[in-house]
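In case it helps, our numbering puts the sequence shown at residues 31 to 261.
Below is one structure, written out as C-alpha cells; the observations come after it.
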Amino acid sequence: MDIAANLKNIQEKIASACDRAGRDPASVTLMAVTKTHPPESVQAAAEAGIVYVGENKVQEAKAKIPQCPGKLRWHFIGHLQSNKARDAVELFEMIQSVDSLSLAQEINKRCEQAGKRMPVLLEVNLAGEASKFGYSPDRLIAEFDELNSLPRLEIHGLMTVPPWKPVAEQVRRFFRQARELKLRCEDLLGAPLLQLSMGMSGDFEVAIEEGATMVRIGTALLGERPRKQAQ
31 MDIAANLKNI
41 QEKIASACDR
51 AGRDPASVTL
61 MAVTKTHPPE
71 SVQAAAEAGI
81 VYVGENKVQE
91 AKAKIPQCPG
101 KLRWHFIGHL
111 QSNKARDAVE
121 LFEMIQSVDS
131 LSLAQEINKR
141 CEQAGKRMPV
151 LLEVNLAGEA
161 SKFGYSPDRL
171 IAEFDELNSL
181 PRLEIHGLMT
191 VPPWKPVAEQ
201 VRRFFRQARE
211 LKLRCEDLLG
221 APLLQLSMGM
231 SGDFEVAIEE
241 GATMVRIGTA
251 LLGERPRKQA
261 Q
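Shown next, in the form of C-alpha cells:
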C-alpha cells in the first residue's frame, strides 16, 4: 500500500473539486480515518504529510495514540457513549459527533472537571436513517441555543454521514442540505461556523463542491481495513 501515492491522488482530486467550485484547496482539510488500522499505517500517513486523524472508538484510540507521532491532531468521529466522554475529552482535540443535548451536557461536565474547553461539531442525520446517529434538522434547530449555552463547548460546525449510494452524485442533495442547515445555525448564532465535515472515500469530491471544509478519508488513503484474524 503506497500511502504517499494515494495521498497525492486524493490531493489532486481535492484541488480539482475546489477548482470546479471556485474554492481555494487550502479551505479543505483532509482527515485520515484510521479505524482498525495499526499504528504503522498511521505513522506512514504522518510521514506522507497527514496531520489530522479521525478515530471511531475511544478504546482503540486510547491504545493507538501513544504509539503514533506526537504532531498528529486527533478528532473523535464515531458514536460517543456518555460513559466514554471523560476519556474522549482527554484524548481528542475535537469531538465531531455530538448527537444529543444529553451527550453535550456530559462532555461539558467532563470538560469542567478537566479544566478545558472542547471544540465540537454537531452530527446531523439528514436522511433520518435508523441505523445512524445524529440530530434531525428540526431538533438541532430547537436545541441549538441550549447547546450553545454550554460554557465548556465551542460549536465549530456540523458533521454528517449521508446514506450510502452507488453513485456519489446521488448524495449531493444531502451535502447541500447540510450546508443549508449550517447557514440556519449561523443565523441563530449570529456568527460564522467554520467547519462542515462531510465526504468520505467514495463521495468527497461532491461534498467539496457543496461546501465541505473537512473530508474524512479512510479506504482511499490507507486501503481496506484489516480484518481480525479468526481465533
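Glycine residues also receive a C-beta, built at the ideal position from the N, C-alpha and C atoms.
Predicted model, so just to flag it, every value in this text is computed and none were measured.
- Counting only residues of its own chain and dropping the five nearest sequence neighbours on each side, P55 has a CB closer than 7 Å to the CB of I44, A45, C48.
- According to the DSSP assignment, I80 belongs to no alpha helix (DSSP H), since it is labelled neither H nor E.
- Closest option to G108, judged by alpha-carbon separation, among R246, E216, K139, R214: R246.
- In the same chain as L177, and ignoring 5 residues on each side of it, the C-beta atoms closer than 6 Å to its own belong to A134, in chain order.
- DSSP, reduced to helix, strand and coil, places Q41 within a helical segment of the structure shown.
- In this structure, M228 lies away from A250, with their beta-carbon atoms at least 8 Å apart.
- DSSP, read as helix, strand or coil, puts L170 in helix.
- Separation of L223 and E120 (C-alpha to C-alpha, rounded to the nearest whole angstrom) is 24 Å.
- Selection E184, F234, L188 evaluated against E199 yields F234 as nearest (Cα-Cα).
- Contact annotation: H105 and E77 have beta-carbon atoms that are not nearer than 8 Å.
- A direct Cα-Cα distance of roughly 14 Å separates Q89 from P69.
- For Q89, the enclosing alpha helix (DSSP H) begins and ends at 88 to 94.
- Collapsing the DSSP output to three states places L156 in coil.
- Note on Q126: 16 or more other CB atoms within 10 angstroms of its CB, so buried under the neighbour-count rule.
- Here DSSP, grouped into helix, strand and coil, assigns A242 to coil.
- In its chain, beyond the 5 residues on either side, D117, L121 have a beta carbon closer than 7 Å to the beta carbon of K92.
- Judged by beta-carbon spacing, K87 lies beyond the 8 Å limit of R255, meaning their Cβ atoms are not closer than that value.
- With contacts defined by Cβ atoms closer than 8 Å, V128 and L102 do not form a contacting pair.
- Proximity to I137 across L180, W194, L170, P193 peaks at L180, based on C-alpha coordinates.
- Counting along the chain, the unbroken beta strand (DSSP E) around T190 starts and ends at 183 to 190.
- Residue pairing of V119 in beta bridges, as defined by DSSP: absent, with no partner found.
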